[in-house]
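Asker: I have a structure I would like to understand better, so I am pasting it below and will then ask my questions one at a time.
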Amino acid sequence: MALLAQHGASGYLFGDGTVVTAICDGKLEFAAHPVPEAGRMVSVFSLSDVSLDVNEPGLKYELEHGTLTNTVVQGVSNEFRDNVRAAISVEKGTLIVTFPAEVALPSVNRNHDFSGSIGELDTEVSALLVR
27 MALLAQHGAS GYLFGDGTVV TAICDGKLEF AAHPVPEAGR MVSVFSLSDV
77 SLDVNEPGLK YELEHGTLTN TVVQGVSNEF RDNVRAAISV EKGTLIVTFP
127 AEVALPSVNR NHDFSGSIGE LDTEVSALLV R
């Protein structure tokens, strides 16, 4: 997810009722929606050593102009508010974001253009896998 985000693309992993994605130098915007059942969390982790100007408007515990690091956990166990638009943004850095699968995928806005390639697709089975 981070490799995609750091090249201006988006990807999503779905599993066990949760979606995982990443955002680099940009914003995820979630439409207003009914809150999923209690206990369904939104969590934000800094993948970068430091992620600057992190904002979480519309979430239960809003964050404004925060700095997150990958050595201190500060963005876990947040929640959407009922029928309130929400966003998660980072001015500089890469965030890993998890949210309930019943929530529609967010729109993605990036702060700048990205360039480069993620490289060739490797379809070989990894030797690290145990059969």
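In this note's numbering, the protein residues as written are 27 to 157. Don't be surprised by glycine CBs; every beta carbon is placed ideally from N, CA and C. Just so it is clear, the structure is predicted and the values come from calculations on it, not from any experiment.
1) For the putative contact between N96 and S115, defined by C-beta atoms under 8 angstroms, what is the C-beta separation to the nearest angstrom?
2) Would you mind stating whether V68 and E105 have Cβ atoms separated by less than 8 angstroms?
3) Measuring straight from C-alpha to C-alpha, what distance separates A31 and S133?
4) Whose C-beta lies closer than 7 angstroms to the C-beta of G43 among residues of the same chain, with five residues either side of it excluded?
5) For S26, tell me which candidate among A64, T120, V99 and A153 has the shortest Cα-Cα distance.
6) Inspect the CB distances between the region 82-94 and the region 52-72 and report whether three or more fall short of 8 angstroms.
Answerer: This is what the structure holds:
1) Numbered from its first residue, the sequence shown carries residue 96 at position 70. Numbered from its first residue, the sequence shown carries residue 115 at position 89. The pair is not a contact, with the Cβ atoms about 18 angstroms apart (cut-off 8 angstroms).
2) Position 42 of the sequence shown holds residue 68. Position 79 of the sequence shown holds residue 105. Taking the C-beta atoms as reference points, E105 is found nearer than 8 angstroms to V68.
3) Counting from one through the sequence shown, the residue named residue 31 turns up at place 5. Counting from one through the sequence shown, the residue named residue 133 turns up at place 107. Looking at the two C-alpha atoms, the distance is approximately 13 angstroms.
4) If you number the sequence shown from 1, residue 43 lands on position 17. So the qualifying residues of the chain are P126 and A127.
5) Only positions 27 to 157 of the chain appear in this structure, which leaves residue 26 out of reach.
6) The way I'd put it, the region 82-94 does touch the region 52-72; three or more beta-carbon pairs between them come closer than 8 angstroms.
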